[in-house]
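Engineer:
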């Protein structure tokens, strides 16, 4: 009899706890995004609504009566982030909207609409897995993901049975260290083994979602092909630039070795004047010397012809050496 009574009391307590737990509406919100906590009642134009967070102390979020928000008792943590859908209250919608959700918002909320029609909402905040990166270098494959909450789990799998060891590092990040970064590396002991024929799968999981990254033989071949194409393009560009650079270099060298004609002395040849008023390039110094010899030779020939011509004025001939006088017979 006493045993049956004890069993009955335990059953009542368990039933009560089950009703209390399952009576709460579970809501999962995304970190730094907006979220709606549902609450409904029989619509009324003079509705009185209050929302609170049930923690160690009673945290007032907001109250509504006389067709307007009552924010005098609102907790500083929710100021400017909590509101009701005022245009839908008369239809029985008392849902609470939170903006820029934070991890401190987690907990059990109470929506009171009068009477015994209170609603309880269990709020959890998640930063889901958004991206998983996987890469290979020699005999090491690394998988990583960042900005996750709560702490994630990382698992490896391969397309065929292989012995390997992995090292996983979890670090906390974010303004207050709430977010998690996870990184894991797999190192294969046999570096001579060809791992390109295998498929590697890395999965990062949390209570809200999971993401998977796959590294396969196809991924590796595509990476090698892209690298080869980039290398060919680079070589083609270099080969195309070499002739251009050489031409420019040769042009500059040719200009530096040339002698402007204007720096040469002026030589007159009768009515012809050998002079350049514009800079002309002479590619060879030997050619310049040959041209000067030719001009001087022509000048000398002209002077000799003039001296031997009849009627020539012999003034100044005494400047030439005279032949010695022949002896006279006495």
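Residue numbers (mature numbering (1 follows the signal peptide of the UniProt record, and there is no 0)): -23 to -1, 1 to 307.
Using N, Cα and C, we set each Cβ at its ideal position, and we do this for glycine too.
For clarity, every value in this text was computed on a predicted model and none was experimentally measured.
Anyone know if the C-beta pair for residue 177 and residue 135 falls short of 8 Å?
Structural biologist: yes
Engineer: Can you tell me where the beta strand (DSSP E) with residue 86 in it begins and where it stops?
Structural biologist: It spans 84 to 89 - the beta strand (DSSP E) in which residue 86 sits, taken as one unbroken run.
Engineer: List the DSSP bridge partners of residue 163.
Structural biologist: Answer is 118, 143.
Engineer: Nearest to residue 124 by CA position, among 117, 133, 110, is which residue?
Structural biologist: 110
Engineer: Might you give, ordered along the chain, the residues of its own chain that have their beta carbon closer than 7 Å to the beta carbon of residue 127, omitting 5 neighbours on each side?
Structural biologist: Cβ neighbours of residue 127 beyond the five flanking positions: 183, 184.
Engineer: What whole-angstrom Cβ distance do residue 71 and residue 90 have, given they're in contact under 8 Å?
Structural biologist: Indeed, because the Cβ distance is near 6 Å, the residues count as touching under 8 Å.
Engineer: Let me make sure I understand the geometry here. Which of 217, 55, 139, 112 has the alpha-carbon closest to that of residue 192?
Structural biologist: 112
Engineer: Taking C-beta to C-beta, are residue 16 and residue 73 nearer than 8 Å?
Structural biologist: yes
Engineer: The beta strand (DSSP E) spanning residue 191 covers which residue range?
Structural biologist: 187 to 192
Engineer: Does the distance from the C-beta atom of residue 75 to that of residue 161 stay below 8 Å?
Structural biologist: One thing to note: residue 75 has its Cβ no nearer than 8 Å to the Cβ of residue 161.
Engineer: Closer than 6 Å by C-beta to residue 181: which residues in its own chain qualify, once you throw out the five before and the five after it? Chain order, please.
Structural biologist: 106, 109, 122, 129, 131, 188
Engineer: Between residue 217 and residue 206, what straight-line distance do the alpha-carbon atoms span, to the nearest angstrom?
Structural biologist: 17 Å
Engineer: State yes or no: is the C-beta of residue 69 within less than 8 Å of the C-beta of residue -1?
Structural biologist: no
Engineer: Helix, strand or coil, according to DSSP, for residue 19 in the structure here?
Structural biologist: coil
Engineer: Would you list the one or two residues that DSSP bridges to residue 183?
Structural biologist: Per DSSP, none; premise fails for residue 183.
Engineer: So which of 93, 62, 26 has the shortest CA-CA distance to residue 41?
Structural biologist: 26
Engineer: Measuring straight from C-alpha to C-alpha, what distance separates residue 49 and residue 150?
Structural biologist: 35 Å
Engineer: State yes or no: is the C-beta of residue 361 within less than 8 Å of the C-beta of residue 117?
Structural biologist: Nothing can be reported for residue 361: it is not among the residues displayed for the chain, which extend from -23 to 307.
Engineer: How about residue 7 and residue 82: are their beta carbons less than 8 Å apart?
Structural biologist: No, the Cβ-Cβ distance between residue 7 and residue 82 is not below 8 Å.
Engineer: For residue 98, count neighbouring Cβ atoms within 10 angstroms of its own Cβ and tell me buried if that reaches 16, exposed if not.
Structural biologist: buried
Engineer: How close, in whole Å, do the beta carbons of residue 37 and residue 51 come, if the pair is a contact with beta carbons under 8 Å?
Structural biologist: 6 Å
Engineer: Could you spell out the range, first to last residue, of the beta strand (DSSP E) harbouring residue 176?
Structural biologist: Element bounds for residue 176: n/a, residue is neither H nor E.
Engineer: Looking at the unbroken beta strand (DSSP E) that takes in residue 2, where does it start and where does it end?
Structural biologist: 2 to 7
Engineer: Have a look at residue 95 and residue 2 and give me their C-alpha separation to the nearest angstrom.
Structural biologist: 12 Å
Engineer: Among the candidates 53, 39, 54, whose CA atom is the shortest distance from the CA of residue 47?
Structural biologist: 39
Engineer: So if DSSP puts residue 77 in a beta bridge, which residue, or which two residues, is it bridged to?
Structural biologist: According to DSSP, which records beta bridges pairwise, residue 77 is partnered with nothing at all.
Engineer: Could you tell me if residue 140 is buried or exposed, where buried requires 16 or more neighbouring beta carbons within 10 angstroms of its beta carbon?
Structural biologist: exposed
Engineer: Indicate whether residue 9 and residue 78 have their beta-carbon atoms separated by less than 8 Å.
Structural biologist: yes
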